[in-house]
Amino acid sequence: MTDISANHTGLQGTSSDVVAAGLPRRNRKQSLVKTFGILAIGFAFLMLFILVGSLVLTGYKAFTQTHVTLDVFIDPEAVPADKLPRGGFNDVLASALISHFSDVDMTSRTEVRAATKILSNGAQFALRDQVVANPGLIGQTVTLTVPVSDTYDQLNKDLIDRDTPEQNRLLSNAEIARFDILKDAGMITKPLNTGLITNADSRFPELAGLRGALVGSFWALLVCFVISFPLGIGSAIYLEEFAPKNKISDFIEVNINNLAAVPSVVFGLLALAVFIGWFGMPRSAPIVGGMTLALMTMPTIIIATRAALKAVPPSIREAAMGVGASQQQVVFHHVLPLAMPGILTGTIIGLAQALGETAPLLLIGMNAFITSAPDSPFQAATALPTQIFIWADSPERGFVSRTSAAILVLLAFLITMNAIAIFLRNKFERKW
Amino acid sequence: MTSFAFVILAVAAVLGYSLNWQAAAAIRSGGARLHSLTGYHGSYALLMVLVPVFVVILLWIALQGSVVSMLTMRGLPAGTTDGLDDGAVQLILAEIRSLAAGRVFGTPEPWKLKAAENYVTLDRTFSILLLVVVVLLSAALIWVSRRRVSAAFRARQGVERIVSGLMIFCSLVAIFTTVGIIASLVFETSKFLSMVPLTEFLFGTNWEPQIPIRADQVAAVGAFGWVPVFMGTMLITVVALVVAVPVGLMSAIYLNEFAPRAVRAVAKPVLEVLAGVPTVVYGFFAVLVVAPFIRTWGQAIGLDVSPNTALAAGGVMGIMLIPFISSFADDALSAVPRSLRDGALALGATRAETMLNVLFPAAIPGIVGGVLLAVSRAIGETMIVVMAAGLMAKMTFNPLDSVTTVTVQIVTLLIGDTSFDNPKTLAAFALGMMLFLVTLVINVFALRIVRKYREIYD
Amino acid sequence: MNDMRPLERMVNTDNIKISARNCHVFYGDTQAIKDVNVDIEDHTVTAFIGPSGCGKSTFLRCLNRMNDTIDICRVKGTFLIDGADIYDKSVDPVQLRAKVGMVFQKPNPFPKSIYDNVAYGPKIHGMARTKAELDEIVERSLRRGAIWNEVKDRLHAPGTGLSGGQQQRLCIARAVATNPEVLLMDEPCSALDPIATAQVEELIDELRAQFTVVIVTHSMQQAARVSQKTAFFHLGNLVEFGETGQIFTSPQDPRTESYITGRIG
Amino acid sequence: MNDMRPLERMVNTDNIKISARNCHVFYGDTQAIKDVNVDIEDHTVTAFIGPSGCGKSTFLRCLNRMNDTIDICRVKGTFLIDGADIYDKSVDPVQLRAKVGMVFQKPNPFPKSIYDNVAYGPKIHGMARTKAELDEIVERSLRRGAIWNEVKDRLHAPGTGLSGGQQQRLCIARAVATNPEVLLMDEPCSALDPIATAQVEELIDELRAQFTVVIVTHSMQQAARVSQKTAFFHLGNLVEFGETGQIFTSPQDPRTESYITGRIG
Amino acid sequence: METHMTQEPHIARVFDRDLEAVQAIIMKMGGLVEDAILGASEALTARDEELAAKVRKNDAQIDALEDQVNTEAARVLALRAPAAGDLRTVLTVMKISANLERIGDYAKNMGKRTGVLAQMPAVDGTDGSLRRMAKAVQLMLKDVLDAYISRDAELAEDVRQRDREVDQMYNAIFREYLTHMLEDPRNITPCMHLHFIAKNIERMGDHVTSIAEQVIYLVTGEFPDEDRPKEDSTSFAGVDGTP
Amino acid sequence: METHMTQEPHIARVFDRDLEAVQAIIMKMGGLVEDAILGASEALTARDEELAAKVRKNDAQIDALEDQVNTEAARVLALRAPAAGDLRTVLTVMKISANLERIGDYAKNMGKRTGVLAQMPAVDGTDGSLRRMAKAVQLMLKDVLDAYISRDAELAEDVRQRDREVDQMYNAIFREYLTHMLEDPRNITPCMHLHFIAKNIERMGDHVTSIAEQVIYLVTGEFPDEDRPKEDSTSFAGVDGTP
Ligand SMILES: Nc1ncnc2c1ncn2[C@@H]1O[C@H](COP(=O)(O)OP(=O)(O)OP(=O)(O)O)[C@@H](O)[C@H]1O
Ligand SMILES: Nc1ncnc2c1ncn2[C@@H]1O[C@H](COP(=O)(O)OP(=O)(O)OP(=O)(O)O)[C@@H](O)[C@H]1O
Ligand SMILES: [Mg+2]
Ligand SMILES: [Mg+2]
Ligand SMILES: O=P([O-])([O-])[O-]
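As they're listed, the protein sequences go chains A, B, C, D, E and F. Residue numbers for the first sequence follow my numbering, so the first one is 599 and each next one is one higher. Residue numbers for the second sequence follow my numbering, so the first one is 54 and each next one is one higher. Residue numbers for the third sequence follow my numbering, so the first one is 46 and each next one is one higher. Residue numbers for the fourth sequence follow my numbering, so the first one is 46 and each next one is one higher. Residue numbers for the fifth sequence follow my numbering, so the first one is 274 and each next one is one higher. Residue numbers for the sixth sequence follow my numbering, so the first one is 274 and each next one is one higher.
Shown next as structure tokens:
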């Protein structure tokens, strides 16, 4: 013993020195690692910043829409009361507009058409709806506020640079001049673009809105929730709490984990082949979209539910079993209530994913051009993400900002859902 | 009508519950000791009614349409459908249906009108029949369950058996889904392979599904080789991983060990936001910002940059995968017991050493699993590439070139109206099959790693 | 000292509560319990001791069929409680567990109020018709658990908010609430500090006036302190079973001696 | 019995290794340690005992500054090891921890080979120049950990594959490998069964020939068995500190007597 | 040092009951031994063979109780691992019971010799001293048992001091008997027995003193410092009976 | 019943060392006590006052060792909570040391009386019996200590039986001395002392027997069934020295 401790004291001095000698090098290495970490986080932040920034920059303008206010005399000749809802609403509008322009020849059809391009294509329908609702307006002058067409909207939002040479510009000098006349007359306004939410889709950017997509997404999510939530929870409970641990339950488990990682486009193929091809369900319908999304969401819910169930300590189960609760009483009285926050969090996150899912919906045709909101999940519809995809693909310049705006709307929904999930998780988080 | 059936079902279920509950309560107040609580007697009746009747209603609804149609078609005057092919018959049926729904276009033949009338009556009859069946069945079931009530009746076991059955059914849905995926893919793929030889598909280096196919030419030889498509997929995947893996891992390491609490409190949710952004948004981002940026920069330094570079698509996909990898790695690192960290620190390791020598190696299996899952996601990712990658299949390793991917091809081949009989459509399924197989292999492998790893610390 | 007459030990040897005959337990192919025969007396604390993995817990869990929940576990032999075979097909394990209460290693109160913790068992077994009856059961059980005075003013506070020792006594009160005849305890104090342990041990001593208590413990000292009978298990065998004082002063089997004197290496 | 001369107790009272003066420790606003003064001798096992939450672990972790890793923990007072203040600004905690080894409650081997577990400390501190030197350190440490014979044939098997008691001895070998002068142990046996506990206790007794050992334990029996000096903490105060035999036969403070005889209620 | 005895009960009350039970046996033994001393001295004075026989018979009970104390003490040690004051209690109890048993034995021996003495002629004026001595020892025993119950170290110390007086009485008696023997050879045999009886009583005093020391140890944790008072000087007594 | 003694070491070897240490003290005491017996008997035979004084002086050492045994035993009980065989070892050690201490005391007492006897006329033919008796007791002590070391219950039982012989020797001596005293009153004082010495040796034998019983208990866990052999019948000895 004595010689060992002698040896020990001998080493003492040296080992201390050795440790001290190595320290500066080791501390440098530590700073290096830290720096790399900060850079990585910074990069992720930067990307998020650019992503959101670019969306906001391009998208915020879509939240307003340039309108023109016209006093329209509804000429009974052009709009005969007995022919409603048909009638020359376009002509009435044209004359009301052109009355402000001195340089337009009312007789030249091409010139008139060129001049009325200021107005959105939807203006005549807005007028029509008003007159049909109240035929008494015929023969009177109506003050009408209608959107301007996309190009002029862009002009008004300074997206068209007046300094670019005329041949490179979408609008000629004359067209700009006419717009300026209206603007100077105070007829041009730029109110909040409620149409973005309340209108359905349209070929014309100034009229296009998300109503159809929102309603479509709502139906699809509803279907998705109604199917996936009970199935997912039931399945998870069975697998986690009841299934005997054998090859079959193992296989089901692998299968579910794999389903969660199967590319979404494959689910689209499944839906296309099975739901539409074999079962003959309607194309483009939220019911099919919802079912597809349900199949995709279910593994997420199952996995989240199982994790939540697993997180309930076995001691709770033993405790309940020990006082004579049956296995189902154990689960439904104790385990499930304790796991519920986790399950809900997982479900919301699953639904949020479903809300953003695009590819399978493309394959089942939920990217159709549909100008009215569906009344039931069986009617053809689009969904928010497919709407974004459609708009992103549209050549009209106005759709660029609308796409961004639509994305911002979608993100708003997602962030809300995630916030709820995070809130739930934090509120009910349990330390066992 | 059908909603009425559901209402009847609901009423019957509640009725059954209260009848049994009261019967059980009566026995109990008679002084006998019940085997099961009164609530279980009630629930037993409830489930006994609810489950079978609900199934009957669903089946009825599912079958009613086709049965009615079949009967209607049978009722057509003899000879009307003779000599017509399947499609034509379907067309007639569709017309009759729309007549029945009151949508009259033009002037239909009188036999069609009659058939439509017939259709309506049949439909109504069946609906009423459904109600009758629901009422009778419910009543019978209520009666049966009510008779079983007794002190010794093991209502709890009965309820639990039914609930177990329901839960087993739920678990099987996942299997059905996989079976559905495989069945549909295999079925359509086999049709495709009857038109294009397997070897061509697997080893062909030319992918040009767009070439017109003449009626007499079943398949265009050499046009359906998936190799270039696959290579494009791999190229984009590699680019994505090159971005995502280092950034994701380093952020996880930083957040897990070094970040002050405040930073962690902000960074975690931000990364979660990044993870929650739908891919279509990333696709748009790639088109709107990243692709032009790369093009401008590439041209500025004199490179030949195509508009739809693999770099843009891959890079954005990489950004998408950062939070995926970082959260996987963070979880894996957090799963390493705190005691190991304390153990290393107590030996005099610096925090960096603790992380790099102890925690990280301990978490490696979990991290590898995560990275593999990221690979699988990259391969299967659709929207980013649909929007940002090219359509032309090209054999290249140049990330500044434009390539196409499996998913892009699937989507472009299937978008728009399609019928299931031309190889162009079916090729999408064949690609889907390959995609499924490749990701399946990766997933199973990755999941096994992850699972094994979890077992170590559980 | 041949006159090993105990003081303070009212063992009533002719009152067998639990009787196990030729019991074997297997996990898959490995045998955890080998031909164990034991008679456990009523109103007695019986301790199971032995090295880790010797099968104490396994044997204990046979007594309320908690082993049923383990798929690969197979039980052979006869287990009689009051002369009735508990592995008989007509026996509902759920009802058996109401009769044979169990207390676990880690205090595991439900994350509910103290009241609900205790009331749960009586509720699912339909033991109380009215709220007043339930209240009474809860109070009686908490008193038996020697924790009534500490919690009577906060019956609706969560049970998880109690200290470890209080939680364990709450768990005992919960087990007692279903009016069991036997109380099984698997290392009930191993998660407690010495003071809480002493309190629970004291409670166990009080409980034997009303219950048959069987306790598994790693701590020989604890077995010595709380039990009247001790069973020493070794490699799945019951090596020695006898009066605790006898076992700790003059064990009959050299393996027992080695173990309790700290010699098994 | 006034002549309390110990056998087998080679305490060298004039060799103070660690000296704490007027130590206070706070977690946020709550004070966990109140004005503790203690001198810990070299080549001695010193045990800290006391009821749960009395500050034993907190005080122990002050000695190698593991408390630095807890944000809200504040330490006041002087801690001297070999006369040098360990909270001095010039002291790098990394270096301190190489000199003051620590063993934890639950055995925590790294998920690496047995060899790598032991070699890790010497490696990061650059204590071995060659593989041969490292091999030697590893062997010596494993021998000191009294586990060499059990693992010498499987040095490259994972350390996590050992039994609990072996793992704990491996952790001790790992701590010893950096040639510390002090070994801190926080309830090193509470996760072990009695046999493994006895083995580790035996090892601790051997270690004191070369190290200053400080051990926190919940078990008074353990303190009695392994230590030469015992410190009794109560509510953050050091109530009594003295020779273990003395504390367990004739403690000076009534609180100590109450605690060790099981009377604090 | 009174602080050493914490009067709170143990958390495990069954431990208290065990300790009390074993101490109760001691008290019972103490009672029996006191009776034995008194009985023996009375029987001697009265030459009452019957009483002497009873004293002899009762000793078996005392011996049984000592066995019981040992068994129970071993049991408490094995089952409860007592420490500090509790440990001292158990150890003390064992020592005290051993002492009591010895005292009982001496009383029994007195009883035996009484039987013999009854058949011999009385030696005048000897019995009074023996009775006084026995009474003194019995009082010491009573006091030391009181001291034990009340954990009164001072009273125990007092008892310890009183042993001196018993020793002096014995010295006196020793010389007296020697004188008697030298005076009349017929006295030799009875005086031998009386001699042994006196020695027995003296030894009883020593054992009581030893009990007193145990009580002091129990209360203070330490044995009294000075050597125990020993005034039996007869071993050095010369021909004339003086040391 | 040999099985009861497991010879494996404790996992905590320090426990073994503690037990050994305390038993080593016993062995040391045993040696000293043997020496004391031999010394005392030799001093008596040779009327060697110096040797007698040495015996008296050495007793202090034995007493100190007994204290040490008690201290260490208490320590082992407090620190190691021994059970079963270990507990019996500790308890036995305490009892044995008490017995040895008493034997030592008796030897010391012999030494004291030897000093007195040296100054008196010798009583013929008495010393031989005493020496033989002392020798017998010393041999018994030696054997019982061997029995203790080797945990040999049979040898202990043998020792126990041999006490009978010692008692018979004592009875013979008692009668012899009585005769001497009756023969010649000058013998009375020395014979009184010799008498006491004989009684001391007889008591030594009893204490050795008690040690033998402890050894049996240690090994078997039980005390020998039959009552201890008691053949000292002198308490019943009548006028003529016969019982
Ligand atoms: N669920 C199980 N599956 C397989 N083997 C098991 C299972 N439970 C226990 N065993 C095995 O059965 C044997 C006995 O285990 P048991 O838990 O009864 O021991 P124990 O005496 O309670 O040990 P401990 O003191 O460590 O709790 C052990 O060898 C163990 O490995
Ligand atoms: N990280 C922490 N934050 C806040 N308070 C703490 C922390 N760690 C310990 N404490 C408090 O400090 C006090 C002392 O704790 P410590 O862990 O030192 O006690 P202990 O004596 O080791 O108890 P135990 O025996 O239960 O381990 C306790 O009141 C505890 O609540
Ligand atoms: Mg166990
Ligand atoms: Mg602690
Ligand atoms: O046993 P003794 O009283 O004679 O010492």
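Think of the CB as a built atom: it goes at the ideal place given N, C-alpha and C, for glycine as much as any other residue.
Starting from residue i, find everything on chain E with Cβ-Cβ shorter than 8 Å and list it in chain order.
i, result
"F:LEU360", "ALA347, LEU350 and ALA351"
Within 8 Å (strictly less), CB to CB, does residue i reach chain E?
i, result
"F:ILE461", "yes"
"F:LEU338", "no"
"F:VAL306", "no"
"F:PRO458", "yes"
Leaving aside the five residues before and after residue i along the sequence, list all residues of the same chain whose C-beta is less than 6 Å from its C-beta, in chain order.
i, result
"E:MET477", "ILE376, TYR379 and VAL410"
"D:PHE71", "ARG119"
"B:THR332", "MET436 and ILE437"
Below 9 Å on C-beta distance, what does residue i contact in chain D?
i, result
"E:ILE284", "GLY307, ARG308, ILE309 and GLY310"
Any beta-carbon of chain C closer than 8 Å to the one on residue i?
i, result
"D:PRO96", "yes"
At a CB-CB cut-off below 7 Å, which residues of chain E make contact with residue i?
i, result
"F:LEU364", "ALA347"
"F:ALA354", "ALA354"
Please decide whether residue i counts as near chain D, where near means a Cβ-Cβ distance under 8 Å.
i, result
"E:ALA429", "no"
"B:GLU241", "no"
"C:ASP238", "yes"
Hey, is residue i close to ligand 7, as in C-beta under 7 Å from one of its heavy atoms?
i, result
"C:CYS99", "Here the bound small molecules are ligand 1, ligand 2, ligand 3, ligand 4 and ligand 5; ligand 7 is not part of this structure."
In the DSSP assignment, the alpha helix (DSSP H) including residue i goes from what residue to what residue?
i, result
"B:LEU308", "Where B:LEU308 is concerned, there is no enclosing alpha helix (DSSP H), given that its DSSP letter is neither H nor E."
For residue i, which residues from the same chain have a beta carbon less than 8 Å from its beta carbon, with the 5 sequence-adjacent residues on both sides left out?
i, result
"F:ALA294", "GLU345"
Which chain B residues are close to residue i, counting only those with a beta carbon under 7 Å from its beta carbon?
i, result
"D:MET28", "It is not possible to answer for residue 28 of chain D, since the shown part of chain D is limited to 46 through 310."
"A:PRO835", "Note that residue 835 of chain A is Ile in the sequence shown here, rather than Pro. Within 7 Å Cβ-Cβ: MET220."
What residue range does the beta strand (DSSP E) around residue i cover?
i, result
"A:PRO745", "739 to 745"
"C:CYS118", "118 to 126"
Given that residue i touches chain F, what residues does it touch there, using C-beta distances under 7 Å?
i, result
"E:LEU292", "Ordered by position in chain F, no residue passes the 7 Å Cβ test against E:LEU292, which lies about 15 Å from the chain."
Starting from residue i, find everything on chain A with Cβ-Cβ shorter than 9 Å and list it in chain order.
i, result
"C:LYS101", "What C:LYS101 touches in chain A: nothing, since even the nearest Cβ is about 16 Å away."
- Message: Residues of the segment 164 to 196 of chain D in Cβ contact with chain A at a cutoff of 8 Å, in chain order, please.
- Response: Answer in chain order: ILE169, HIS170, GLY171 and MET172.
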